[in-house]
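A.B. asks:
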Amino acid sequence: MFVKNCWYCAGWDYELSQGKHALLARRIANEPFVLYRKPDGSVVAMEDRCPHRQAALHLGQKEGDSLRCMYHGMKFGPDGRCTEIPGQDKIPPQACVRTFPVVEKDNWIWVWMGDPAKADPSLICFAVGPGDKNWNIKTSQVSVNANYRLEIANLMDLSHLTWIHRKTLGGTDAWTRRKTQYTKLPRGINSKFWMHSEPPPAFAQHLFPPGAVFDMSFDVDVTLPCNFVLHFQVYTSGTVTDGPSNGQLMLDTYTSQAVTPRDEDWVDYYYSWGTSVATDVPGMSDMLLEAINAAFLEDKAVLEAQYRNVKERPHVKQVGILLDAGPEKMLWLLDKFLAEEAEGGR
Amino acid sequence: MFVKNCWYCAGWDYELSQGKHALLARRIANEPFVLYRKPDGSVVAMEDRCPHRQAALHLGQKEGDSLRCMYHGMKFGPDGRCTEIPGQDKIPPQACVRTFPVVEKDNWIWVWMGDPAKADPSLICFAVGPGDKNWNIKTSQVSVNANYRLEIANLMDLSHLTWIHRKTLGGTDAWTRRKTQYTKLPRGINSKFWMHSEPPPAFAQHLFPPGAVFDMSFDVDVTLPCNFVLHFQVYTSGTVTDGPSNGQLMLDTYTSQAVTPRDEDWVDYYYSWGTSVATDVPGMSDMLLEAINAAFLEDKAVLEAQYRNVKERPHVKQVGILLDAGPEKMLWLLDKFLAEEAEGGR
Amino acid sequence: MFVKNCWYCAGWDYELSQGKHALLARRIANEPFVLYRKPDGSVVAMEDRCPHRQAALHLGQKEGDSLRCMYHGMKFGPDGRCTEIPGQDKIPPQACVRTFPVVEKDNWIWVWMGDPAKADPSLICFAVGPGDKNWNIKTSQVSVNANYRLEIANLMDLSHLTWIHRKTLGGTDAWTRRKTQYTKLPRGINSKFWMHSEPPPAFAQHLFPPGAVFDMSFDVDVTLPCNFVLHFQVYTSGTVTDGPSNGQLMLDTYTSQAVTPRDEDWVDYYYSWGTSVATDVPGMSDMLLEAINAAFLEDKAVLEAQYRNVKERPHVKQVGILLDAGPEKMLWLLDKFLAEEAEGGR
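Chains as they are written, first to last, in our numbering: chain A, 5 to 350; chain B, 5 to 350; chain C, 5 to 350.
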């Protein structure tokens, strides 16, 4: 079950060159398609299935704006219409391939899997990409053998940093004590909170003397389908015990994460992290990327084992805890969107 | 769905030695069996399943004309009848294994998967094997993860040489312009055509000056279940523009190909290519084999991706094109044979 | 289908250390659980599934007597009750995990998969473990992709040593000629027999001059679910032709084998072999282990191929032979226990 009327991230823009065979096979919400760039640089997303005998178009070849199926040579324009069938002059109108709206933003390629008439680019979530001159952003990706609902639950309860990520992103148990302020977004939830006088994340503790503490600000947007953007700032430890720190801003960072459901069983995770140019020091963004790469492998191990358990006993009665509040909010919103689409809405 | 009353190629004769453990496990039309040679050299094909507790007979051992199951020691004669049960004197009549008629011809081992009473060796298709003294034939094999119907469609429309095989067997787009003469065969279709003043196949173009052209004759038998035999000749470019070339025969070749359905999802492809001794030059048949080996890996990639698409959406409405005429003729014949067998005929 | 009310071997005691992450994920009778040792050394077996969101507990961490799930930090005592939920004080009573009775005996860890009230340690089968000071026992293990019923049939008809194990444990065909004395056990069958003036097993024949023969005694307990314990003795060849040898005891050995069904498709096989200290010579127990390691790989190949055949045609009519008497006795007993449990008995 997937929301179709939304923008899904299909990868980083640098994955798609002008090369003759630069055809990227992707699957989102269980729809296989192929991506390619036209000579003007714009991206086409086309169902990965020739209408003739279902050959895979990603094994084809680019010709100008068009894509040629290299089984029997049928050629398709960027609108999916067949423009050439070897051996005949007439082209039947049903010889066409479905195409999907595509937008590039923040160095991500976004594909709209639903009704093209509703593909409004302003619905794409805010993010900070590696091309932003004010930030020094590093990028990566990973695939996880789990349903994306488990990823949503993971991202909406950061208390798991205490446990799964105790050697990487964690380092304090303040997560369970924090006071979070939730705000509804049109397609998601914003949560904001402060941690005061807490040790830095485990991956950075070697940079400071033992016992060093800081104030840290978290400002997270989670939006449908499963995008996570965190503005994370570190301040010197101030005197205020509630609300914003009165310490000095030491490090200003953004991490932008798109968790795209490939199908019911896999997600493709495209993510980045980096500092503002103003607070950057050499090697800092590289360290952030190392830390998040390690952390996401920790998540992968836990989520894949969890998903095997869920698939084996899908109807086990589960026990709820207070920290489920965040995940439940976002999964409720997802179910609301799914229900509305099922009824023909949105 | 497989035609049972026909000869299927189970491999090359040289795969089956007189060695004690020379037992070849094969599966054709979803029936697993084991092949072995008796001391007189003739081949036995026996169900790969001991009637006692279903142990695999291909893990057994040859004893004279017989095969002994090496789990509990039951011995079976070449007719499949059990002749020894350790620990007892009486042998129940139901202690027997199904055997299949086998014929060796053109260095291929042919197995009849249907009613043994109908196993007429004269139904085996014509081919030119590596043992033929008049030809210098080289052999090979490959397995493809696709249903054999896709292979039939592939072999019955050679226009795909233009696209899939543009760097190997292709080299001209004359395939879509050719005039083919089709003739019914008792179990298939013969097609004949000429190409005049065309460049040679891509794999051979380095042998000639740029722009060199030739006349080429194609004479193809495709017969059920999925055998393809092509008599391919190259002539110096003549003056005639239709019908046989009046140039000089430069190269006379035969390629014989047997595409055996292992089950619904796999085919085992045994094939050869080579020149007549009269037109041979050293290295020529080796080059033909290299070219066809490379080409069949090109087909394998395309057919396997196509088959994944077909399995995912088996009921997609497909768009027909004029070049489907050949594939449709042969698939129609296959379906006719399947229907006749289902009604008890043939 | 598994008998639940019985002790299943879950592995060797040395597999489970006091290490922080010494958590052993096992599956028996299709129930996944995790094993760990408390500081006092006793072993806990706990369902491998957090009651919150089904995270795998074997990815958790030991804390004293307890196990902490490292996804959201819930902590469970050795009785399976949750004692800590981060972020809240109240712990709902349903926040608990199933635990299983565990006993260590003969260096094996035994787990009771059924009703804990019926978990009587005296039901554990007799065995001779590597910790027994009177024996020099070596241990090993292997996994086999087959249903455990095939293993029972294998172990209850040792005539297969003549065939499968002709190069290892076999070496004589006396197996089919032997007179076996069967005795019922409460949960299995004992069989006793002698072989007189027979060559030694193949793996030991190089130790003696050609033609050397011995008297050998076999005393086997096979008990449910699938335990096999053989007291195997070798004597100098005596003059008696029936009943016990009047030769001299040369070698006194025990092999203890536990074949644990992981699920319907896999068994985990924990086994040992070794000599009495009284009859030991350096290198002898090592050679016995080498022989049985090789033999069980022979069985693995045969049983896995047999199981593939059985899965493909589960309803094939099989042919019975006289040597099936042993397997049938034990499978009959297994079916009796299964039927009794299905009716709520035992």
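The beta carbon of each residue, even a glycine, is placed where N, CA and C say it ideally should be. All of these numbers come straight from a predicted model, not from anything done at the bench.
How many Å lie between I32 (chain A) and P229 (chain A) at the Cα?
C.D. replies: 11 Å
A.B. asks: Mind pulling the beta strand (DSSP E) runs of 3 or more residues that sit fully within the region 272-314 of chain A?
C.D. replies: none
A.B. asks: Compute the Euclidean distance between the alpha carbons of T243 (chain C) and F218 (chain C), then round it to the nearest angstrom.
C.D. replies: For T243 (chain C) and F218 (chain C), the distance between alpha carbons rounds to 11 Å.
A.B. asks: If you measure from the beta carbon of P43 (chain B) to each beta carbon in chain C, is any gap under 7 Å?
C.D. replies: In terms of beta-carbon proximity, P43 (chain B) stays away from the interface with chain C, with every pair separated by 7 Å or more.
A.B. asks: Along the beta strand (DSSP E) that carries F37 (chain C), what are the first and last residues, could you check?
C.D. replies: Run containing F37 (chain C): E35 to R41, per the beta strand (DSSP E) assignment.
A.B. asks: Using alpha carbons as the reference points, say which of C:V38, C:K79, C:S147 and C:P96 lies closest to A262 (chain C).
C.D. replies: Of C:V38, C:K79, C:S147 and C:P96, the residue nearest in Cα terms is C:S147.
A.B. asks: Just grab the DSSP bridge partners of V107 (chain A) for me.
C.D. replies: V107 (chain A) pairs with A:W114.
A.B. asks: If you check the beta carbons only, do L63 (chain B) and D52 (chain B) fall under 7 Å apart?
C.D. replies: no
A.B. asks: Please report whether the beta-carbon of H164 (chain B) lies at a distance below 7 Å from any beta-carbon of chain A.
C.D. replies: yes
A.B. asks: Return the chain-ordered list of same chain residues with a C-beta closer than 7 Å to the C-beta of E202 (chain B), the five sequence neighbours on each side being excluded.
C.D. replies: T176, A178, V217, F218 and M220
A.B. asks: Exposed or buried, what is A14 (chain A) when buried is set at 16 or more other beta-carbons lying within 10 Å of its beta-carbon?
C.D. replies: buried
A.B. asks: Assign E158 (chain A) to buried or exposed, taking buried as 16 or more other Cβ atoms, counted over all protein chains shown, within 10 Å of its Cβ.
C.D. replies: The sequence shown places Asn at residue 158 (chain A), rather than the Glu named in the question. Buried, since its Cβ has 16 or more Cβ neighbours within 10 Å.
A.B. asks: Which two residues bound the contiguous alpha helix (DSSP H) that contains N140 (chain B)?
C.D. replies: Counting along the chain, N140 (chain B) falls outside any alpha helix (DSSP H), though it belongs to the beta strand (DSSP E) covering W139 to V148.
A.B. asks: What residues in the region 158-188 of chain C bring their beta carbon closer than 9 Å to a beta carbon of chain B?
C.D. replies: Cβ contacts with chain B come from N158, D161, S163, H164, T166, W167, I168, R170, D177, W179, T180 and R181.
A.B. asks: Run through the DSSP bridge pairs and tell me what M199 (chain B) is partnered with.
C.D. replies: B:M220
A.B. asks: Who pairs with N194 (chain B) in a beta bridge, going by DSSP?
C.D. replies: B:T187 and B:D225
A.B. asks: Between which two residues does the alpha helix (DSSP H) containing E268 (chain C) stretch?
C.D. replies: Neither: E268 (chain C) is in no alpha helix (DSSP H) and is coded neither H nor E.
A.B. asks: Would you check if the distance between the CB atom of A150 (chain A) and the CB atom of E332 (chain A) is smaller than 7 Å?
C.D. replies: no
A.B. asks: If I'm right that P204 (chain B) touches F212 (chain B) with Cβ under 8 Å, what's the distance once you round it to whole angstroms?
C.D. replies: 6 Å
A.B. asks: For the region 88-106 of chain B against the region 340-347 of chain A, are there 3 or more C-beta pairs whose distance is under 8 Å?
C.D. replies: no
A.B. asks: Does T227 (chain A) pass the burial test, meaning 16 or more other C-beta atoms within 10 Å, or should it be called exposed?
C.D. replies: buried
A.B. asks: DSSP on R182 (chain A), reduced to helix/strand/coil?
C.D. replies: Residue state, collapsed to three classes: coil.
A.B. asks: Straight-line CA distance for D290 (chain B) to V238 (chain B)?
C.D. replies: 17 Å
A.B. asks: Once the 5 residues before and after D225 (chain B) are set aside, which same chain residues still bring their CB inside 7 Å of it?
C.D. replies: C129, F130, L189, G192, N194 and V233
A.B. asks: Of all Cβ atoms in chain B, is any one closer than 7 Å to the Cβ of A295 (chain C)?
C.D. replies: no
A.B. asks: Going along the chain, which residues of its own chain have a beta-carbon closer than 7 Å to the beta-carbon of N250 (chain C), five neighbours each way excluded?
C.D. replies: Excluding positions up to five away in sequence, the list reads G242, T243 and V244.
A.B. asks: Specify the secondary structure class of H169 (chain B) as computed by DSSP and reduced to three states.
C.D. replies: coil
A.B. asks: When we look at the beta-carbon of Q310 (chain B) and count the other beta-carbons within 10 Å, is it buried (16 or more) or exposed?
C.D. replies: buried
A.B. asks: If you drop the 5 nearest sequence neighbours on each side, which residues of the same chain put their C-beta closer than 7 Å to that of E19 (chain C)?
C.D. replies: Within the same chain, E19 (chain C) has close Cβ partners L28.
A.B. asks: Distance check for S276 (chain A) and G91 (chain C), CA to CA, integer angstroms please.
C.D. replies: 30 Å
A.B. asks: If we call anything under 7 Å between Cβ atoms a contact, is T172 (chain C) one with A295 (chain C)?
C.D. replies: yes
A.B. asks: To the nearest angstrom, how far is the alpha carbon of R350 (chain C) from that of N9 (chain C)?
C.D. replies: 7 Å
A.B. asks: Give the DSSP-derived three-state secondary structure of M160 (chain B) in the structure shown.
C.D. replies: In this structure, DSSP gives M160 (chain B) a helical state, which the three-state scheme calls helix.
A.B. asks: Provide the residue(s) that pair with I325 (chain B) in DSSP beta bridges, ordered along the chain.
C.D. replies: DSSP, once it has assigned bridges, lists no residue as partnering I325 (chain B).
A.B. asks: Going by DSSP in three states, Y75 (chain B) sits in which element: helix, strand or coil?
C.D. replies: coil
A.B. asks: Assess, as a yes-or-no matter, whether the region 308-328 of chain C is touched by the region 68-84 of chain B under the definition of 3 or more beta carbon pairs within less than 8 Å.
C.D. replies: yes
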